[in-house]
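Q: This structure is in structure tokens; I'll ask about it shortly.
Numbering (our numbering), first residue to last: 6 to 411.
Written out as structure tokens, the structure is:
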């Protein structure tokens, strides 16, 4: 048995999962289970920047590999492909040469949206969430322009490997300045900016941070949470500077109230916005509709809970529904739950809270800044509790079933 070749295949699968935005436990377990299927014992340690693994063969030989993990993507299709490949290798235990061939075939099957379609995703997501946040048809056109700016700058910064904090700040500044300058034409600049900002909100990082903490990967979880905070700060700095600059150039904008749409329009707008995010997260086929439907139903669950109680319970109930929906779809369709969760939870993410907190600070309204900031942190905390609750229940149920089976 060529354990070195098997180990290389397992490490490549783990590396591709890491580069595509998979959770830490998925990366480590994929390598561990592949090696265990061939009778070898593996010790794997993965963090967002690198992964290290040592394998002990049945003959007592030790092999160690180290891979550096670079810029993380949001490629859910690749996560699904390599997760399925890992399960297939563990189930069938082919010869190492055949497993390597399967790895090459999987790499050849990878699908990625080209730049024009990626920009379409930015535009569709911006239009959907602009309506979702109470914008009009004219506001949606401005939001589409802002989304196009976000898409172009994000694509350029990824090609040039620009620091993520700086790239996020520049993107938020450019998009917000464009919206503020057009705001004097009588549009609701706030709705357009919040819609476009949703594409900068680190939803996948936030979810992976919570799931890493659940599975005991505290180092990775804290690392990701720090990244989430830094990106939120970058968004705030970019939009805040753009707001101050536009006001100094052309004066204060007139206040335009958002539209108060009914639940049906809100859910339809959430569906459209989530469809755009499916493109941004490289989701293909029927999974696009399944994920977008999850976002719609999660927001519907939030509205139902708010009707009965208050927004605090609404965010918690909506997140719990999104998490259960994701786990159910993962088992029905045999794909990773993270694919469904990252889209289903987007309508609940506090993108508007980050923006309005910054706006109050830029205007010198410290009371509003403190109140909105506390509300935004509370929403994020409630969502974390919802994800923790469902993941713990599902994980505990799985372990209990395995124990009973044994």
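For glycine and all other residues, C-beta sits at the position ideal for the given N, C-alpha and C.
Note that the structure is a prediction, hence the values are computed from the model and not measured.
1) Ordered along the chain, which non-local residues of its own chain (more than five positions away) have a Cβ less than 7 Å from that of residue 153?
2) Is the number of C-beta pairs between the region 44–52 and the region 232–239 that are closer than 8 Å three or more?
3) Taking 6 Å as the limit between beta carbons, can you name the residues of its chain near residue 340, skipping five residues before and five after?
4) Is it buried or exposed, residue 304, if we count other Cβ atoms within 10 angstroms and call 16 or more buried?
5) Taking only three categories from DSSP, how would you classify residue 270?
6) Which stretch, first to last residue, makes up the beta strand (DSSP E) that contains residue 60?
7) Quick one, are the C-beta atoms of residue 58 and residue 36 less than 7 Å apart?
8) Who are the near neighbours of residue 383 in its chain, counting only those whose CB is closer than 6 Å to its CB and skipping five residues on each side?
9) Spatial neighbours of residue 308 within its chain, please: CB distance less than 6 Å, with the 5 preceding and 5 following residues excluded, ordered by chain position.
10) At the level of alpha carbons, what is the spacing between residue 228 and residue 132?
11) Tell me which residues share the same chain as residue 361 and place their Cβ nearer than 7 Å to its Cβ, disregarding the 5 neighbours each side in the sequence.
12) Checking the sheet assignment: what are the DSSP bridge partners for residue 280?
13) Quick one: what does DSSP say residue 354 is sitting in, helix, strand or coil?
14) Using the beta-carbon count (16 or more within 10 Å), is residue 213 buried or exposed?
15) So, is residue 109 buried or exposed, given that buried needs 16 or more other C-beta atoms within 10 angstroms?
16) Comparing C-alpha positions only, which one of 283, 306, 287 sits nearest to residue 297?
17) Across the region 234–243 and the region 191–199, are there enough close Cβ pairs to call them in contact, namely three or more that are closer than 8 Å?
A: This is what the structure holds:
1) 124, 127, 128
2) no
3) 85
4) By the neighbour-count rule (16 or more Cβ atoms within 10 Å), residue 304 is buried.
5) helix
6) Residue 60 -> beta strand (DSSP E) spans 55–61.
7) Yes; because the gap between Cβ atoms is below 7 Å, this pair is in contact.
8) Excluding residues up to 5 positions away in sequence, nothing lies with its Cβ nearer than 6 Å to the Cβ of residue 383 in the same chain.
9) 268
10) 33 Å
11) 377
12) Answer by DSSP bridge pairing: none, since residue 280 is not bridged.
13) coil
14) buried
15) exposed
16) 283
17) no
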